[in-house]
Every structure is written in structure tokens, then in C-alpha cells.
Amino acid sequence: MTYQHSYAQSIADPAAFWAEQAESLAWYRKPSLTLQDNPDGTHRWFADGRLNSCYLALDRQIELGRGEQLALIYDSPVTGVQQAFTYHQLRDEVARLAGLLRQLGVGKGDGVIIYMPMVPQAAMAMLACARIGAVHSVVFGGFAANELALRIDDARPTLLLTASCGLEFERVIEYKPLVDRALQVARHQPRNVLVLQRPQARAQLQAGRDLDWQQALASAAPVAPVELDAGDPLYIMYTSGTTGKPKGIVRENGGNAVALCYAMRHIYGMQAGDVWWGISDVGWVVGHSLIVYGPLMSGCTTVFYEGKPIRTPDASAYWRVVEQYKVNALFCAPTAMRAIRKEDPDGELIRKHDLSSLRQLFLAGEKLDSSTHQWLERVTGKPVHDHWWQTETGWPVTAPCVGLEGSAARPGSSNRAVPGYHVRVLDDDGHLLGPDQQGSIVIALPLPPGCSQTLWGDHERYLQAYLHTYPGYYHTGDGGYLDEEGFVYIMGRTDDVINVSGHRLSTGEMEDLVARHPAVAECAVIGVHDEIKGQVPLALVVLKDGEGIAEAQLLVELVGSVREEIGALACFNRVRLVKRLPKTRSGKILRAVLRKIADGQAYVPPSTLDDPAVLGEIEAVLADLPRAG
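Residue numbers (our numbering): 192 to 820.
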């Protein structure tokens with residue numbers, strides 16, 4: 192089938208198109224209702240269908256004869272451990288862990304928080320929750336105790352699963368003390384904390400609450416998957432919001448399964464038996480869609496990697512994995528490839544490895560600059576595809592669909608909308624814009640299966656954030672344009688969320704922390720260009736009258752505050768003192784203008800600017816910042 196035919200059908204008759212795609216799944220009860228409209232603008236997919244995501248990922252693959260095929264390969268250069276699980280072995284491990292969860296009082300609809308490093312047990316925990324209908328929420332291990340506490344209070348888990356530590360190069364990061372501090376702050380308390388003890392650090396267990404993972408698992412009996420409604424939640428994925436309070440994106444079982452099976456085959460061109468490597472962390476949406484559920488539901492072998500693109504041991508790390516496991520396609524963020532390029536600009540380390548199994552590379556999570564794109568294609572000799580999606584969508588919005596005939600790619604763009612997504616561009620008044628006219632990127636409703644239709648415990652916030660700005664459309668929060676042939680160009684966020692190494696973080700939350708400092712009168716935190724990470728935060732600070740704190744000392748204190756409250760992943764390490772901030776006559780800080788000054792871009796002073804002279808002052812302070820090449 193061609194891309195053009197599939198896309199046209201998906202837009203003209205979405206119900207018929209997705210009913211056909213749903214036929215490929217093994218349902219306990221096939222849905223007779225494909226698409227239902229809700230009065231508030233949201234939609235229900237496959238409402239009367241029944242299935243189980245863990246069954247589709249494991250048991251079904253065994254029924255199809257793949258029991259002895261490798262399901263998951265764990266590769267940990269930071270520990271030297273390499274371990275492989277067949278579909279049979281992974282199913283047995285997951286079924287026993289699901290039995291333990293049930294033994295600990297976890298049932299259908301109960302919340303479970305997973306705060307773990309990239310170890311196989313993290314994937315097993317996700318699948319075990321799915322097996323019994325529990326709703327998992329994986330929290331990235333780089334988040335500080337305060338961020339974990341916020342998620343505990345919002346998700347209200349029955350159980351929390353963690354490990355004694357994670358590993359960052361040669362550094363051991365103890366997780367259990369962070370969990371203990373989070374539970375001291377959180378109002379909600381889970382009944383138990385299940386702790387995986389790793390040899391690099393042993394955690395202290397609190398009697399009556401904490402349990403040793405392996406000891407508890409020893410007495411657990413395996414359980415079968417339970418039947419779930421397609422609309423039952425599979426997981427909650429928290430993403431940064433503009434208010435500082437994280438948004439709990441809810442993913443449903445049925446739509447997620449249909450969308451991911453479609454994406455793996457038709458977007459990424461993967462077939463059962465192929466080896467797929469999604470390079471990310473299970474704490475992010477890529478870890479859910481492209482490390483665990485998507486590959487396993489598609490009968491692929493998924494690589495589970497606990498390492499970095501460099502220094503584990505060097506910039507050849509990725510290529511060693513591709514050669515060793517005969518990886519057919521991989522996904523990563525541009526940040527990783529920029530780091531490799533910096534260490535190995537001529538591709539000497541790449542040429543030492545056999546990449547003949549690799550068909551293509553997919554990059555997303557942040558903007559792929561043309562220089563990195565061209566370099567990567569040149570040194571690997573493989574097609575490199577940029578594509579774009581969001582935590583909220585759960586699978587790609589734009590991409591070259593390599594599994595469909597006639598799908599084209601255009602470097603510099605994030606490519607065309609994939610079947611199911613009617614991407615448009617609107618101006619501030621909600622009017623459609625033509626080719627090459629920049630505005631807000633939106634998606635005409637209905638959203639396809641797999642996209643979030645609500646926030647955990649806060650449906651009104653979902654409606655306000657995504658559907659009310661432009662009635663009839665989903666508001667992505669990204670700005671950009673379409674060219675005459677429908678290729679989409681994403682130019683950046685239109686809110687205060689920045690993208691640091693593919694991680695979405697709220698500058699508003701950082702501003703709140705900076706503003707709490709007793710020496711700070713007011714501040715603005717913006718995202719500025721960084722050669723490796725894409726963006727990093729920069730704080731512009733106005734001191735209170737009479738304050739004489741040095742910029743260097745203020746930086747030390749603010750870095751400590753942000754790390755304590757948000758975590759090291761914020762990469763907060765730039766502070767500049769300014770006399771004043773540019774504002775409109777109504778007092779609004781002009782953050783968009785600040786971003787352009789910081790990145791060395793041309794800008795037009797808005798007519799509402801209170802005092803144009805302030806812009807020259809800011810330019811002088813930021814003159815030595817590194818600029819995008």
C-alpha cells in the first residue's frame with residue numbers, strides 16, 4: 192500500500208482506516224465500535240474491545256512460535272553485564288513478578304510508580320503491571336526527590352518499585368535515599384516499596400514497608416493476563432507543564448496497541464524477528480513506546496541499553512552494540528549523535544565496526560540540525576530520518592513511513608504527517624495559514640488511536656491545555672510551518688517548555704526556584720542553544736537593591752537549589768546578572784525576545800516594549816554566549 196493512499200484514507204474516513212488496522216491484533220473481544228465522539232471534543236477508540244497489552248507483547252508472540260526468539264537484550268557497559276531473554280523467559284519472569292504485585296495487594300486500576308535505572312527489571316515491572324491491569328507510572332531516575340514526591344501525590348500508587356542505585360559513567364547514584372526523602376515530603380504513602388538490590392550499592396530497608404525484590408519474588412506464583420477494556424489506562428507518563436505542576440498523560444491500552452503495531456511496521460519498517468534499538472530511558476515516552484511495548488508487540492528483539500553514547504567506554508559504544516547484536520534500525524535523540532560527532536568527527540571509530548545489518552537511523556526528541564544530519568549519513572552510509580512526536584501523542588506525528596511505498600523524506604524538515612494525523616498551521620486568531628507561513632502547529636480532530644485523551648485526575652486541564660485554544664484542533668504547543676508539498680518544519684515551543692537533551696523541562700518551574708533566592712528581585716529563565724544538548728536553561732537575574740552577591744556565588748547557590756528540586760538533568764549552570772528585564776508596558780517580560788538575543792537571532796522590538804534601551808543592555812551582557820553555527 193502506498194503512503195498517499197493510506198494517508199488520504201486515514202483522513203477521509205478515520206474509523207474505517209483504524210478498524211482495518213485493529214484487525215491485526217489478537218483481541219479477547221474484537222471491537223464493534225471503532226470511533227466515538229465525546230461532547231467535549233475528545234474521542235474514544237475501540238470502546239467495546241477487550242485485550243491485554245502484556246499478552247500481546249509476550250504470550251501472543253509465544254503462541255505465534257517466537258518463544259525461543261530473543262525478546263530483550265540487556266547491554267550494560269557501565270557494569271559489564273550482558274544478558275538476553277527469550278520470549279519464553281521474559282514471559283515467565285513477568286508472570287511471576289505480576290504474581291508478586293497481586294500478592295502485595297495491587298489490582299486492576301491501582302497505581303504503581305517505577306523509579307528505576309535501565310535494568311531489565313524496569314521493563315518487567317511495566318509489563319507485570321499491564322498483565323494485571325495496574326496503571327504504571329515510570330519516573331525517570333534523574334529526577335530529584337521533590338519531583339518524585341509530586342508524582343507520588345498525583346498518581347497515588349499502591350506500590351513503589353525502585354533499585355538501590357543507578358550508574359552514571361563511573362558514578363554510583365543511590366536511588367533509595369531519594370525515595371526515602373520523597374516519601375517524607377509526599378502526602379500519599381504507598382503500602383510497600385519493592386527494592387532491587389544492585390551490587391554497586393546496598394540500600395537500607397525500612398522494616399514493615401520495604402521489601403527486597405529477589406527475596407519477595409522467590410515465593411511468588413505466576414499469574415495469567417487479565418482481560419481489560421480498550422479504554423482502561425495502561426500507564427501515566429508525567430511531562431513538564433507550564434505551571435510547574437507535571438501533567439499526567441494517560442495512555443489507554445487499546446489505542447496504544449493499535450498505534451504502536453502500525454508505527455513499528457509502517458513507519459519504522461520493522462518485521463517480526465528484526466532487531467530494534469530504541470536508545471532512551473524507560474522514564475520517557477520513547478522507553479514505553481519504542482523500547483518495551485512497540486517492539487515486543489511486533490515480535491521484534493528489543494535492545495535495552497544502560498550506557499551513554501560516549502565514555503562507556505568511548506564514542507564507538509553505539510556502533511559496537513549495532514555490530515554485536517546485528518541491529519536493523521535504531522532510534523535516538525540528536526544530542527547523542529552530536530556528542531559522538533564531537534569525539535569522533537571523522538568517523539574513525541565507526542569504520543572499525545560492521546554496520547551491514549543497520550538499515551536506517553531515526554532521530555527525534557529535539558530539532559535535528561542539518562550539519563549533524565549530513566555528518567551522520569556520510570559516516571554511516573545509512574539513511575537518517577528526522578521525525579517528530581510528543582509525549583502526548585505516544586507515537587510519531589510526522590515521519591517518512593519507510594514501510595509504505597512512495598513515502599519521501601526531506602532533510603531539514605521533520606517530514607510529512609503520518610497516516611492518522613491531519614496537521615495544519617493556524618495564526619493567533621485560529622485562521623488557516625498557507626504554505627511557508629509560520630504559525631501554531633495543530634492537529635485536526637479526531638486524534639488517532641494512541642494519543643492521550645485526558646490527564647490523570649485533571650480532565651479539565653487537558654481540555655484547557657490542548658483543545659480550547661483552537662476549537663476543533665489539538666494544540667501541540669509547537670510553532671512551525673508546512674511547505675507546498677506538505678513537509679512539516681518544527682521551529683520550537685510556543686510555551687515555556689524547553690528541550691534539554693530530549694527532556695522536556697519547564698523554565699517556569701526553574702524561575703520559581705530562582706525567584707525564591709533572597710537576593711533575587713526578579714528573573715527570567717529561557718532556553719538557549721547548546722551545541723550538544725540542543726538547549727540549556729539560562730537565568731537572567733535582577734538583584735534586589737543593596738544586594739552585593741557575586742555572580743559566581745549566586746550561580747553556585749542557584750545550581751544547588753535547582754538540582755535539589757528538579758535534578759541534574761536540568762543542566763542548570765548559566766546565570767547572568769542584569770540591571771533590568773525587557774517588558775511590555777503592561778509589565779510582561781518579553782521572553783521570546785530574550786531567547787532571540789541569547790541565540791544571536793534577528794528580532795524586531797515589539798511596539799509594546801516599555802523602554803527599547805534595555806535590549807542593548809541585554810545584548811551587551813549576553814555577547815559572549817556561544818551561538819548556533
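Built from N, CA and C at the ideal position, the CB exists for glycine as well.
Is it the case that the Cβ atoms of residue i and residue j are separated by a distance below 8 Å?
i           : j           : result
residue 688 : residue 714 : no
residue 487 : residue 316 : no
residue 812 : residue 767 : yes
residue 418 : residue 243 : yes
residue 241 : residue 219 : yes
residue 512 : residue 491 : no
residue 439 : residue 641 : no
residue 524 : residue 692 : yes
residue 541 : residue 570 : yes
residue 578 : residue 598 : no
residue 326 : residue 473 : no
residue 780 : residue 787 : no
residue 339 : residue 394 : no
residue 337 : residue 363 : no
residue 145 : residue 552 : The chain is shown only over 192 to 820; residue 145 falls outside these bounds and no answer can be derived.
residue 662 : residue 205 : no
residue 408 : residue 291 : yes
residue 298 : residue 526 : no
residue 727 : residue 497 : no
residue 720 : residue 815 : no
residue 277 : residue 295 : no
On the three-state DSSP scale, how would you describe residue i?
i           : result
residue 321 : helix
residue 695 : strand
residue 266 : strand
residue 304 : strand
residue 381 : coil
residue 523 : strand
residue 745 : helix
residue 192 : coil
residue 509 : helix
residue 424 : strand
residue 328 : strand
residue 605 : coil
residue 707 : coil
residue 734 : strand
residue 592 : coil
residue 764 : coil
residue 227 : strand
residue 721 : strand
residue 572 : coil
residue 346 : helix
residue 623 : strand
residue 470 : coil
residue 254 : helix
residue 297 : coil
Just confirm the distance between the C-beta atoms of residue i and residue j, as a whole number of angstroms; I'd bet it's less than 8 Å.
i           : j           : result
residue 293 : residue 384 : With 8 Å as the limit, residue 293 and residue 384 do not qualify as a contact, their Cβ atoms being about 17 Å apart.
residue 566 : residue 441 : Rounded, the Cβ-Cβ distance is 39 Å, inconsistent with contact.
residue 633 : residue 666 : 6 Å
residue 209 : residue 449 : 6 Å
residue 279 : residue 259 : 7 Å
residue 456 : residue 594 : 5 Å
residue 288 : residue 319 : 4 Å
residue 476 : residue 645 : Between residue 645 and residue 476 the Cβ distance is about 16 Å, and since that is not below 8 Å, they are no contact.
residue 370 : residue 306 : 6 Å
residue 480 : residue 585 : 6 Å
Of all the options the options, which has the alpha carbon lying nearest to the alpha carbon of residue i?
i           : options               : result
residue 421 : 814, 716 and 223      : 223
residue 801 : 790, 772 and 812      : 772
residue 221 : 236, 416, 378 and 765 : 236
residue 627 : 297, 618 and 763      : 618
residue 359 : 311, 504 and 595      : 504
residue 214 : 453, 441, 245 and 329 : 453
residue 200 : 743, 696 and 609      : 609
residue 580 : 810, 599 and 557      : 557
residue 670 : 681, 660 and 662      : 681
residue 286 : 324, 664 and 757      : 324
residue 302 : 685, 753, 424 and 411 : 424
residue 489 : 782, 245, 765 and 739 : 245
Could one say the Cβ of residue i lies closer than 8 Å to chain C's Cβ atoms, at least one of them?
i           : result
residue 217 : Protein chain content of the structure displayed is limited to a single chain, and chain C is not contained in it.
The segment 695-705 contacting the segment 726-744, beta-carbon criterion three pairs below 8 Å: The segment 695-705, when compared against the segment 726-744, does touch it at the 8 Å Cβ threshold.
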